[in-house]
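For reference, the structure is listed below as structure tokens.
There are 2 protein chains.
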Amino acid sequence: MLTTEPWVFVAILAGLVSVGVAVWLYVWVNRQDAGSERAQEVASWIRDGAQSYLKRLYSALGLLAIILGVVIAIVFSFDIEHLGLGTVSVDPGRGLTMALAFIAGSLCSALAGYMGMTVAVSANVRAAHAANHSISRAFKVAFYAGSVMGLAMVGLAVIGMSTIYLLTGDPEIVLGFSFGASALALLAKAGGGIYTKTADIAADLVGKVEIGIPEDDPRNPAVVADNVGDNVGDVAGMGADIFDSYVASSVAAMLLGVSLFSGELQGKYILLPIILCTLGILASLIGVRFVRVKEGGDPGRALNQGTIITCVIFAALATGLVLLGDYNLGVLWATLAGLTTGVVIGFTSDYYTSSDFRPVIETARVSGSGAAINIITGFSYGLVSVVPSIVGIAAATLLSYYLAELAGINGVYGVSISAVGMLAVSGMIVSSDAYGPIVDNARGIAEMAGMSQTVVDTTDVLDAAGNTAKAITKGFAISAAALTVLALFAAYAEVVGARGVELVISLRNPIVIAGVLLGTATPPLFSAITMLAVTHNAFDMIAEVRRQFDERPGILAGTELPDYATCVSLAAQGALTSLAVPALMAIVLPLVVGIVLGPEALGGFLGGSIFTGVVFALLMSNAGGLWDNAKKFIESGMHGGPGSEAHKASVVGDTVGDPFKDTAGPSLNTLITVMSLVSSLFAPIIAVFHLF
Amino acid sequence: MLTTEPWVFVAILAGLVSVGVAVWLYVWVNRQDAGSERAQEVASWIRDGAQSYLKRLYSALGLLAIILGVVIAIVFSFDIEHLGLGTVSVDPGRGLTMALAFIAGSLCSALAGYMGMTVAVSANVRAAHAANHSISRAFKVAFYAGSVMGLAMVGLAVIGMSTIYLLTGDPEIVLGFSFGASALALLAKAGGGIYTKTADIAADLVGKVEIGIPEDDPRNPAVVADNVGDNVGDVAGMGADIFDSYVASSVAAMLLGVSLFSGELQGKYILLPIILCTLGILASLIGVRFVRVKEGGDPGRALNQGTIITCVIFAALATGLVLLGDYNLGVLWATLAGLTTGVVIGFTSDYYTSSDFRPVIETARVSGSGAAINIITGFSYGLVSVVPSIVGIAAATLLSYYLAELAGINGVYGVSISAVGMLAVSGMIVSSDAYGPIVDNARGIAEMAGMSQTVVDTTDVLDAAGNTAKAITKGFAISAAALTVLALFAAYAEVVGARGVELVISLRNPIVIAGVLLGTATPPLFSAITMLAVTHNAFDMIAEVRRQFDERPGILAGTELPDYATCVSLAAQGALTSLAVPALMAIVLPLVVGIVLGPEALGGFLGGSIFTGVVFALLMSNAGGLWDNAKKFIESGMHGGPGSEAHKASVVGDTVGDPFKDTAGPSLNTLITVMSLVSSLFAPIIAVFHLF
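Protein chains in written order, with my numbering: chain A, 1 to 692; chain B, 1001 to 1692.
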């Protein structure tokens, strides 16, 4: 089953180059000056906390990977499709291959996350130190550190997918790789989300509210956990999330390539997504080089320029590929439709969360009338923000479908390519995104280590740019995940169809309706479980902080260091324990629906979960970002500034928004991807075994 | 086209009896003693305010009805189905009939609402006065007044539907009647929702927070508007909402009867929903007689008993009908499945909003840690509360479908009958529900008129029972609307199918996916517009209250009466002005989607709007009820009682919940019903004219 397609080798090579550059940047960042001893000490607390979290996370993941790997190895050893009464045909080789692909997917995503986290917790103090000299130098340290994550991620993903395809020639095995990456993403994203907000809320409630000490005060035992949380949620979590969509969109297109093409064209179109990813890596490598800030320049602008340049280069390369490689023009239109939509949705989500525009300004303005009005207004704008993104996703779906059909190629394949086109530039998008928490941490270290006001001011400017990048990435990630799961949905139907069951997922069929209804309830339930876990765990951490203050009065006096490690460990343990139910739910629910109600109901279930999943993800991410920036807007001196009634109200909104935007909202992407992948992976079995 | 079916005459007779009993109760309530002059004066402010609102509402409705009536008269005069090039056949008679049916639907719903509101604002003071004597007497006044609304509503609905069917024999004309009722419901429900919460929030913010005077203090110029709002939102609004679902579910079943049956059976099954409604009226008339409270008895229990007795009687009558009338047994199973699900969902929604169970208790407990934790926890439980109701709706759909199919009758018709079965007992459900705002108002009057503590305590007990009834009705109304729109959705597909366009609403078709996506965004947008209208209008009213306090210092001193009428008028005008956009949206959006993207996309659009509509309606209604009761639980002395930090936090939650549960959440039912009816009504046109 070996493939000899030369493009596979090009892809692996590009992946290796990307990882190589990431390693080079990693080394470069670590060689920068880490500054004063005090700063290094503060940074070491965060670094140690991050390491301890990663250790726990990867242990949990290891366990999960082994259990799921064994299940997969056993299940896929049976030749289900030809399972007749009395004849059981067993092929342990296929089962083992699938299990290995699954574990490889988890490992690649974990490795990218590990590199990204490690460099982030080393870059934060270095960026802070560099801010002593110039903004351009500090920006460079932070952005290059962010690029380690971006480039490692796309590189490892392409190497993994290409190698598996090279060795097996079977996209269904690549699906195993994708499922491995997704299972990891679910734990990393939801776990990181619970972790970071547990620490954040506990640190705020016990520190700012109860004791009255400022944010990032080193006397607060929860403050290190809070800073670790920024890395855990925003670097490792977001990276794993986009890794997951990146691989899943390619796999969906590959699977559709198998069903929708035949003869010579088949191999060509199965490989196309990997080639597009390869071109995206090249574009990102070039784009990263263009991201620079001159003295007095605007770092936000630099990041946006980098994104635009990467997109333009990628578009040019894709055009060249289609014209020279004799591909159908439809795939070019689909690629461009996806790419444009991704960028447009990213920038519109900035509209709803940036203090330059009406939603944040208006929410800040009404905050003077109390927390309730702040919440109602922010929530309402969050609801409105769903509309443009949903319209964008619908437009991308229709455009890529009909333009592909008009050009004479299957429209469903076009939709899947639009998702690939959107995600191809992920290398650059993740680089900008990972920059955010690094400068956020740099700011925290500057404050905790008592650095000069210049440093704090410079890191403030860098941080503001990071927030915009973060808003754009969240919009991008959600819409990319939406298109990806729509493609996966189509792939699921084709995989079932290939087993001789013509799948009609008609909304006029009551069993499909029942499936859709059950699907719509899943994202709300998942969100609720993760958010209740945040408040529950925060109470445990508050109890621990109170215990430390009671037993060791030297902490508040500033003569004794608090025990940061216990808080870090509490947050980590709490997050991972709370994850058991939602993680199990994501994997087991689609199987139960499929086996009890059948493959058509499962199709409806996936559809339903996508619909409410995307709506709630957009609502929660945007409302959360809006409340955060409304608070910052008031803190900048508007409507009475810090300490005013408006400010108190906006703090309530910000705290409500915390688990919205960093725990529940963005985990929904991963939830729907995992459920779609589980369904596609087990589709051959469900097509044969089901009650209804 | 006259029908001579004897059952039609029985139905009209039952409707007349029901309306007759309602009028008799109306007279009875008005003959009760209205008590002291002071109490009568307070009551007269509320009554005048309610009258002034109704006048404005019905003027707006009149205008809308005339415009839509003319459009309908013109559009339906054309024989679209046979529209060929060059031959235009015109039948003004049909257009006029449709327009008249539409206006009759609006009028019947308006008349029921008018009777309900008028008796409610007359019963409140009488119930308060009766509370001087005994709880059983006060309960009787309030419940009988509530029954006026319940019985008038079902009576007028059945009279309207039966008469139109008698005269035309055409269920599509009955659809016009249903659309008229729905258009009114949209304005009454969403308008009432905006009105009541504008007044409530303004009265609280300026009274309790700014000036520091208690709730229901007659010195507050907004307090009358607030009391009027209870009637406007909860009596007229909820009544119109259930009237709307009640008629729509019957029409859906009638339309399906046309498509799915032929020969002799056709007439029989077209008429079945009207017969079931007739039996429901009889059951409700008997049930209402059983609702009594002995001295020291529990009014909540009495209401629940009434509901259960009504359901049992209805089930018995339906069984008799099916057996004696030689109907297929499948319709009995479907009826019972719907009825049981409605009751079960109603009672489970009580679980999430009653202070006897974990969600409210837990939310109250964590409130000590601040408003943000209260909001996060309540919102999370609201998300969880979606699950059992959705599972119930899915179960009712599957059960009624498969049990009908097993019994040898079309399953889709079974689903539509399950909605009818659920709603058949609406007479009793609405009676219990309308009781709530009457005793709430009675309590307010007792407070404002300075009645004795015994009266306040008695009305408190009556009020608590009203809250439970309200929670049950909301769960019931949402699930009934969900089943109704699923039936309407099926009817829409059949109406299009009857025009020779076989409608396949497959989730594998990108244009359907695009339709679904656009549909999912509609309920969030509608919710946001109505909630933003509440805060916007509340600010206007606050400005007016401040103006009165500034210009006439005698008001706060208690020597001068405030100008209640201006506040009432501001709330009414604001609510009706804010409604223009969302009302237009509900009518225009489905037409635009249908005409631009075609009937299949419109099918997807309706599906998408149902999915997120039901989820958000359940989330917002239940979370709002939960926050309300968590506050009341703390006010009862738990967690520090009134004035504690926990109480302050719970007040924020309650205020956020106000527009959730009384404005946005419950209006979504009506939104999705209106959009489904518009689609079914214009389906013959969309089947012929569409771009894609």
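Think of the CB as a built atom: it goes at the ideal place given N, C-alpha and C, for glycine as much as any other residue. Note that the structure is a prediction, hence the values are computed from the model and not measured.
Each residue's CA atom was taken as its position, placing A101 of chain A and L403 of chain A some 34 Å apart. In this chain, the alpha helix (DSSP H) harbouring P1006 of chain B covers 1006 to 1030.
Each of B:G1408, B:V1485, B:P1437, B:L1486 was checked against the Cα of G1466 of chain B, and the nearest Cα belongs to B:P1437. Take the alpha-carbon of A1683 of chain B and the one of G1176 of chain B: they are about 13 Å apart. One Cα belongs to P273 of chain A, the other to T1363 of chain B, and the distance between them is close to 49 Å. Annotation: Cβ neighbours of V504 of chain A in chain B (cutoff 7 Å, chain order): S1506. For I393 of chain A, the enclosing alpha helix (DSSP H) has its first and last residue at 371 to 406. The shortest CA-to-CA distance from S122 of chain A to any of A:R508, A:G49, A:S77 is the one to A:G49.
At a Cβ-Cβ threshold of 7 Å, G146 of chain A and A442 of chain A do not count as neighbours. For R1137 of chain B, the number of other beta carbons within 10 angstroms of its own is at least 16, and it is reported as buried.
For F633 of chain A, not one C-beta of chain B is nearer than 7 Å to its own C-beta. About 6 Å separates the CB atoms of A14 of chain A and L282 of chain A; that is less than 8 Å, so the two are in contact. At least one C-beta of chain B is nearer than 7 Å to the C-beta of T655 of chain A.
Note that the region 528 to 543 of chain A does not touch the region 1523 to 1539 of chain B; fewer than 3 beta-carbon pairs, one per stretch, sit closer than 8 Å. Note that the C-beta distance between A120 of chain A and N231 of chain A is below 7 Å. Inclusion of A1575 of chain B and V1674 of chain B in the CB contact set at 7 Å is not warranted, their separation being larger than that value.
When CB distances to chain A are screened at a threshold of 8 Å, not a single residue of the region 1665 to 1685 of chain B falls below it. For V1090 of chain B, DSSP records a beta bridge to B:F1078. Per DSSP, K1474 of chain B is one residue of the alpha helix (DSSP H) stretching across 1453 to 1498. When the Cα atoms are used, E1635 of chain B and M1238 of chain B turn out to be separated by approximately 27 Å. Here DSSP, grouped into helix, strand and coil, assigns S506 of chain A to strand. By the neighbour-count criterion, in which 16 or more other beta carbons inside 10 Å mark a residue as buried, H1133 of chain B falls on the exposed side.
Here F177 of chain A carries a helix assignment [DSSP, helix/strand/coil].
Burial check for W1333 of chain B: the Cβ neighbour count within 10 Å reaches 16 or more, so the residue is buried. The C-alpha of F1261 of chain B lies about 11 Å from the C-alpha of A1253 of chain B. With respect to chain A, the C-beta atom of G1607 of chain B has a partner C-beta closer than 7 Å. Within 10 angstroms of the beta-carbon of A1528 of chain B lie 16 or more other beta-carbons, which makes it buried.
The beta-carbon distance between G378 of chain A and A623 of chain A, rounded to whole angstroms, is 5 Å. This is short enough to meet the 8 Å contact definition.
Looking at the backbone, the Cα of V1344 of chain B and that of V70 of chain A are separated by about 42 Å. DSSP places H1647 of chain B inside the alpha helix (DSSP H), whose first and last residues are 1645 to 1659. Counting only the Cα atoms, V154 of chain A lies some 6 Å from G427 of chain A. Taking a Cβ-Cβ cut-off of 7 Å, the neighbours of L517 of chain A in chain B comprise I1390, I1393, A1394, given in sequence order. The beta carbon of L303 of chain A lies closer than 8 Å to those of F143, V291, S432, Y435, A465, T468, A469 in the same chain, with the five residues before and after it left out.
At the C-beta level, L681 of chain A and F78 of chain A stay beyond 7 Å of one another.
Contact note: Y401 of chain A reaches chain B through P1510, using a C-beta cutoff of 7 Å and chain order.
Contacts between M1448 of chain B and chain A, judged by CB atoms closer than 7 Å, are missing: the closest CB pair is about 24 Å apart.
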